[in-house]
Amino acid sequence: MTALLTGAKRIVVKIGSALLVGSDGQPARAWLNTLADDVADLRRAGAQVTIVSSGAIALGRRVLGLPKSPRLDEKQAAAAAGQARLMRVYEEAFERHAIPVAQALLTPDDTERRRRWLNARATLETLLDLGAVPIINENDTVATAEIRYGDNDRLAARVAQMISADVLVLLSDIDGLYERDPRTDPNAPFVAEVREITTAIEAMAGGVNVQVGVGSGGMRTKIEAAKIATRAGCAVVIAKGAALHPLRRLRDGARATWFYASATPAAAYKAWIAGSLAPQGALVVDDGAAVALRAGKSLLPAGVIEVRGAFEKGDAVLILDASGAEFARGLSRYDAADAAKIKGLKSADIEAALGYSSGPALVHADDMVVG
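Numbering (the working numbering), first residue to last: 849 to 1219.
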């Protein structure tokens, strides 16, 4: 099972408030330093690592002198005050390895609306390619109760889906899933592997909604996160995170519950494009572009001869050959109006025609299904 972690090229690690912030309201710097050591080890082995981190509200609450159960507006104020401190702690931990970190604050809209999803994914992938460790948190300062995740387990799963991660690590205050609540039944059987998340598995989580200290998640939210991530081709592991070097311990075989994905991230993403999205328009391409797309290339404006429909950036579009037959579909990186302005142009001329550029491709090969 640990081979899933050691062989992963892209890893998302979710860290809860209870691990990052002590009962005194101070950041757990010693623990975070060992986590940074573990991330540095994974990066040296060739992996890209993204962290989804709670902790801003817990840190900001102490700075502002707020009670343990603040109102929504007080939570938002605490998030604003605490986020800067949270990032400072991360910067200090990773500076020891000369690894840059970058803040990204997301809301459900950013991970569920295709246009914003594409923008967020492009930013995160650029940060990873530049060698940074993105530190992601929910944007609690602007999110209201009606439009927020409420826990970072599900946000982490959406991020793993967004960047096509191989493994999602949910560091918890419990070492995995049990058939019954281990707090009330010390002899409850431990579940080491989950091949499929059935109703029986979900029922096991129903009685283990652990909420300790400053945390807000529980086992139910972790199972929901596992459902999201495994459907996207990402394996998930729930592991106890309180000990020093939590990722190293996991790599060395520490007890944890592993949820297996039924497909690779790339295959799951392509299946989503092919079968889950209703096309909003079409791009007609010339013969040369059709040959290039079938060979795995991206669709460049130069190969487009007609734009049909009224689609937005991030919408699914059909790709038709010169005879009008569909042979591919994908996500457009430009809306219909802008696509019409740049069709037939070289990629180098996009910015001059539009005043901006979202990249050289109208539809990138990663966002396309051919055949």
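Where is the CB? At the ideal position from N, CA and C, for every residue including glycine.
Just so you know, these numbers come straight off a predicted model, no measurement behind them.
Practice prompt. Can you give me the Cβ contacts of residue 1217 inside the same chain, cut-off strictly under 7 Å, excluding the 5 residues immediately before and after it?
Written response: 1118, 1121, 1122, 1176, 1177, 1178
Practice prompt. Give me whichever residues DSSP pairs with residue 1026 in a beta bridge.
Written response: 1038
Worksheet entry | Collapsed DSSP secondary structure at residue 1054 in the structure displayed | helix
Discussion item. Quick check on residue 1105: buried or exposed, where buried means 16 or more other Cβ atoms within 10 Å of its Cβ?
Written reply: buried
Worksheet item: According to DSSP, what are the bridge partners of residue 1105?
Response: 1086
Worksheet item: What residue from 1188, 1137, 1174, 858 has the CA that sits closest to residue 1156's CA?
Response: Put simply, of 1188, 1137, 1174, 858 the residue whose alpha carbon is nearest the alpha carbon of residue 1156 is 1188.
Discussion item. Could you check whether residue 858 and residue 1102 sit closer than 8 Å to each other, using their CB atoms as the reference points?
Written reply: no
Worksheet item: Using the C-alpha atoms, what's the distance from residue 1202 back to residue 1186?
Response: 7 Å
Discussion item. Give me, in chain order, the residues of the same chain whose beta-carbon lies closer than 8 Å to that of residue 880; leave out the 5 immediate sequence neighbours on both sides.
Written reply: 868, 937, 938, 941
Worksheet item: What does DSSP give as the partner residues of residue 1216 in its beta bridges?
Response: 1178
Worksheet entry | Alpha-carbon spacing of residue 1062 relative to residue 1069, whole angstroms | With a pLDDT of 41 at residue 1062, under the threshold of 50, the modelled position of that residue is not reliable, and no figure is offered here.
Worksheet item: Skipping 5 residues on each side, what residues in its chain have a beta carbon closer than 6 Å to that of residue 1037?
Response: 1027
Worksheet item: Can we say the region 1005-1022 touches the region 953-970, given the rule of at least three CB pairs closer than 8 Å?
Response: Taking a cut-off of 8 Å on C-beta distances, the region 1005-1022 touches the region 953-970, as three or more cross pairs fall below it.
Practice prompt. Let me know the secondary structure DSSP gives residue 865 once reduced to three states.
Written response: DSSP places residue 865 in helix when its eight states are reduced to three.
Worksheet item: Looking at the C-beta of residue 949, does it have a partner C-beta in chain D at a distance below 8 Å?
Response: Annotation note: the requested chain D is absent from the structure, which comprises a single protein chain.
Discussion item. Measuring alpha carbon to alpha carbon, tell me which residue in 944, 982, 921, 960 is nearest residue 951.
Written reply: The option with the nearest alpha carbon to residue 951 is 982.
Worksheet item: Touching or not, the region 1080-1099 and the region 1016-1030, by the rule of three or more beta carbon pairs under 8 Å?
Response: yes
Worksheet item: Can you name, in chain order, every residue of its own chain whose Cβ lies under 6 Å from the Cβ of residue 1199, other than the five neighbours on each side?
Response: 1205
Discussion item. Among 1039, 1099, 907, 1113, whose alpha-carbon lies nearest the alpha-carbon of residue 873?
Written reply: 907
Item to complete: Could you please give the first and the last residue of the uninterrupted beta strand (DSSP E) stretch that includes residue 985?
Response: 981-986
Discussion item. With three or more beta-carbon pairs closer than 8 Å as the criterion, would you say the region 1124-1134 touches the region 1156-1175?
Written reply: yes
Worksheet item: Which of the three DSSP states, helix, strand or coil, is assigned to residue 1123?
Response: helix
Fill in: Host alpha helix (DSSP H) of residue 951 (start-end)
Premise fails: residue 951 lies in the beta strand (DSSP E), 949-954, not in any alpha helix (DSSP H).
Discussion item. Could you compute how far the alpha carbon of residue 853 sits from the alpha carbon of residue 929?
Written reply: 35 Å
Fill in: Rounded separation between residue 932 and residue 1096 - CA only
28 Å
Worksheet item: Is residue 960 buried or exposed, if buried means 16 or more other CB atoms sit within 10 Å of its CB?
Response: exposed
Worksheet item: According to DSSP, what are the bridge partners of residue 1154?
Response: 1132
Discussion item. Output needed for residue 885: all residues of its chain with C-beta closer than 7 Å, excluding positions within five of it in sequence on either side, in chain order.
Written reply: 1093
Worksheet item: What is the DSSP secondary structure of residue 898, counted as helix, strand or coil?
Response: Collapsing the DSSP output to three states places residue 898 in a strand.
Worksheet item: CB-CB under 7 Å to residue 912, same chain, minus the five flanking residues each way: which ones, in chain order?
Response: 925, 926, 929
Worksheet item: What's the call for residue 1056, buried or exposed, on a 16-neighbour Cβ count within 10 Å?
Response: With a pLDDT of 42 at residue 1056, under the threshold of 50, the modelled position of this residue cannot be trusted, and the question is left open.
Fill in: Limits of the unbroken alpha helix (DSSP H) element including residue 911
904-912
Discussion item. Do residue 1193 and residue 1140 count as a contact pair if the criterion is CB distance below 8 Å?
Written reply: no
Worksheet item: In its own chain, which residues sit with a C-beta less than 8 Å from the C-beta of residue 965, not counting the 5 before and 5 after it?
Response: 958, 959, 1010, 1162
Practice prompt. If I'm right that residue 914 touches residue 922 with Cβ under 8 Å, what's the distance once you round it to whole angstroms?
Written response: 5 Å
Worksheet item: Are there 16 or more other CB atoms within 10 angstroms of the CB of residue 862, so buried, or fewer, so exposed?
Response: buried
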